[in-house]
Amino acid sequence: MAAVENRTRSEWQELDRDHYLHPFTDHKDLGKKKSRIITRADGVYIYDADGNKILDGMSGLWCVNTGYGRDELVTAIEKQLRELPYYNSFFQCAHPPSIELSRMLVEVTQPQFNRVFFTGSGSESIDTIIRMVRQYWQLLGQPNRQTIIARVNAYHGSTVGGASLGGMKPMHGQGGTPLAGIEHIAQPYWFGSDRKLSPEEFGLQTARELDKKIRQLGAGKVAAFVAEPIQGAGGVIIPPDSYWPEIQKICDEHGILLVTDEVICGFGRLGSWFGADHFKVKPDLMTFAKGVTSGYLPLGGVMVGDRVGDVLIDKGGEFFHGYTYSGHPACCAAAIATLHILKREKLVERVRDDIGPYLQKKWHGLAEHPLVGETRMVGLIGALELVKNKDPVTKFGSDRGVGTICRDFLVNNGLVMRAVGDTIVVAPPFVLTHAEADELIEKAWKCLDLTMAAIKK
Ligand SMILES: *Cc1c(COP(=O)(O)O)cnc(C)c1O
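For the sequence shown, the working numbering begins at 1 and goes up steadily by one.
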């Protein structure tokens, strides 16, 4: 028997409006517009209830990296569900999928990573980080080292901890966030600056804000710096090359822990296994989620480097933290199967050497369009900046919603990309073919034209 009833599109929309509270959604607004009901997917395409075929340029929500319709993932999950659908890892228990996945994660991460703590999501991983870094300094007899530094406009999830560490202003206005002991410094967003410095100079200057902040707080107060290698939800902010090496230097100088939030960048998105590998930094801890299972089931975790892991284990006693679904067997099976696919099909290398460069070249071609002020892309994650005027760069007023207008044209023309203000972001599955990349670019260009015509009116 099918678990879900067969209903028409409008039936789904009505039931949705009446009963389903969506994440990050204005429901009064949604009630007027109605949801787009997505019913199935295959490869890089999703299909809505009207049968429209839409190229998914966002890999779901930055997660379906190996594409839809992977029988291998479904089979691995089903097999695990039949054998052992659930058991916990509390009370000195474990099961083969969580142990095997731990081993495999250690293998694809930098040498300092020999241990992993599983969670159910990116947000839970960030909450784990907050507790773990503070506990680390506590155990080392430096209980005043509790402040965590993150960045403006960072996205680290939506639990109380995640929303606090994230740097999105509207989120801080709701629900009593941010937590105490969290500080935010500027993001390395060159296009968003006055562009008077070269990107390299700007990258250094922005990195040095970390040094300033540490000195202002006192190094003895700072536990860690946490950052996405490339800020994703904030608008795919790709830092200048000078940025990350300087950040590493500053963390080393002050002895503070460096944490990369790899929830989007991890597992090949940048054409390297992790964002830290791409930018050649050596984090003490890394969070992951999303792409680890290709989004087929929820799983997250924290890679724990030896610097922290050794202290937690040698001096820590019990770490009073964990989740019912930490290391869920079916989710671990999905992750194991995803890792097998990434390796066997050499998808990380494909993003680095083949489809990445192919799409990047075409993407940069969009800079020719009169509406586009900047294009940027690393691996298979990119953005374009919509501007009123290119030279000198003049932005639209934030109230015009040009990004949203463009996004709506895109989806109505069969391509999902996301608008972050007037920045259009893209992160397609790693299995995107050259022909599908051509289709993506063609549709993007067409919708830029449509957007331009619409705002002239
Ligand atoms: C999505 C995201 C999170 C939150 O992950 P959830 O699984 O939605 O809790 C955290 N950090 C980054 C960088 C993300 O992109």
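Idealized CB from N, CA, C, for every residue including glycine.
- Report yes or no: do the region 321 to 332 and the region 146 to 153 share at least 3 C-beta pairs separated by less than 8 Å? no
- Item | Through-space distance from Leu371 to Met452, alpha-carbon basis | 7 Å
- Task: Please state if the CB of Ser242 and the CB of Leu210 are separated by a distance shorter than 8 Å.
- Result: no
- Message: Quick check: is any heavy atom of ligand 1 less than 7 Å from the C-beta of Gly157?
- Response: yes
- Message: Check whether the region 95 to 112 and the region 133 to 143 touch, using three or more Cβ-Cβ pairs below 8 Å as the test.
- Response: no
- In this structure, what does DSSP give as the bridge partners for Glu385? Glu374, Thr423
- Message: Less than 8 Å between CB atoms is the rule here; does Thr119 satisfy it with respect to chain D?
- Response: Given the protein chain composition of this structure (a single chain), no chain D is represented.
- Query: At which residues does the alpha helix (DSSP H) containing Val74 begin and terminate?
  - Reply: 71 to 83
- Quick one: is Pro85 buried, meaning 16 or more other Cβ sit within 10 Å of its Cβ, or exposed? exposed
- Message: Using the Cβ count rule (16 or more neighbours within 10 Å means buried), how would you classify Asp71?
- Response: exposed
- Cβ shell of Lys34 (< 6 Å), same chain only, five flanking positions each side left out: Gln13
- Query: Based on Cα-Cα distance, which residue from Asp16, Asp48, Gln248, Gln231 lies nearest to Leu270?
  - Reply: Gln231
- Task: Jot down the residue ranges of each uninterrupted alpha helix (DSSP H) in the region 107 to 195, minimum 4 residues, whole runs only, in chain order.
- Result: 122 to 139, 160 to 165, 169 to 172
- Message: For Gly176, count the other beta carbons within 10 Å of its own beta carbon; 16 or more makes it buried, fewer makes it exposed. Which is it?
- Response: exposed
- Regarding Asp261 and ligand 1, is the C-beta to nearest heavy atom distance less than 7 Å? yes
- Hey, would you say the C-beta of Glu228 is under 7 Å away from at least one heavy atom of ligand 1? yes
- What are the boundary residues of the alpha helix (DSSP H) that Ile455 is part of? 434 to 456
- Task: Find out if the Cβ-Cβ distance for the pair Ser121, Ala289 is shorter than 8 Å.
- Result: yes
- Query: If we ignore side chains and look at the alpha-carbon of each, how far apart do Ala219 and Arg151 end up?
  - Reply: 18 Å
- Would the region 397 to 411 and the region 420 to 439 be scored as touching if the rule is three or more Cβ pairs under 8 Å? yes
- In the DSSP assignment, find the beta strand (DSSP E) that holds Tyr45 and state where it starts and stops. 45 to 48
- Return yes when at least one heavy atom of ligand 1 lies under 7 Å from the C-beta of Gly235, else no. no
- Item | Nearest residue (CA-CA) to Gln112, options Phe91, Gly57, Asp310, Ile238 | Asp310
- Message: So, at 7 Å on beta carbons, what are the nonlocal neighbours of Tyr227 in its own chain, with the 5 sequence-adjacent residues on each side left out?
- Response: Sequence inspection shows Ala at residue 227; the Tyr mentioned does not correspond to that position. Same-chain partners within the cutoff: Ala150, Arg151, Ala154, Thr260, Asp261.
- Query: According to the neighbour-count rule (16 or more other Cβ atoms, all chains shown, within 10 Å of its Cβ), is His278 buried or exposed?
  - Reply: buried
- My guess is that Tyr323 and Thr119 are in contact by the Cβ rule of under 8 Å, so how many angstroms apart are they, rounded? 6 Å
- Query: If you count every other CB in all the chains shown that lies within 10 Å of the CB of Ala20, and 16 or more means buried, which is it?
  - Reply: Looking at the sequence shown, residue 20 is not Ala but Tyr. Flag for Tyr20 reads exposed.
- Message: Can you tell me whether Gly232 sits near ligand 1, meaning its C-beta is under 7 Å from at least one heavy atom of the ligand?
- Response: yes
- Message: Just verifying my parser: in three-state terms, what is the DSSP assignment at Leu410?
- Response: helix
- Figure out for me which residue from Asp26, Pro428, Thr25 has the closest Cα to the Cα of Gln63. This sequence places Cys at residue 63; Gln is not what is there. Checked all of Asp26, Pro428, Thr25; the closest Cα to Cys63 is Pro428.
- Pro97 burial status per 10 Å Cβ neighbour count (16 or more: buried): buried
- heavy atom of ligand 1 below 7 Å from Ala289 C-beta: yes
- Task: Any chance you could list the beta strand (DSSP E) runs of at least 3 consecutive residues sitting entirely within the region 313 to 342, in chain order?
- Result: none
- Query: If you run the structure through DSSP and keep just helix, strand and coil, what is Leu32?
  - Reply: In the sequence under discussion, the amino acid at residue 32 is Lys, which differs from the Leu named in the question. Lys32 falls in the helix class under three-state DSSP.
- Item | Cβ-Cβ separation, Ile54 to Ile46 (assumed contact under 8 Å), whole Å | 5 Å
- Message: For Ile250 and Ala207, which I take to be in contact (beta-carbon distance under 8 Å), what is that distance rounded to the nearest angstrom?
- Response: 7 Å
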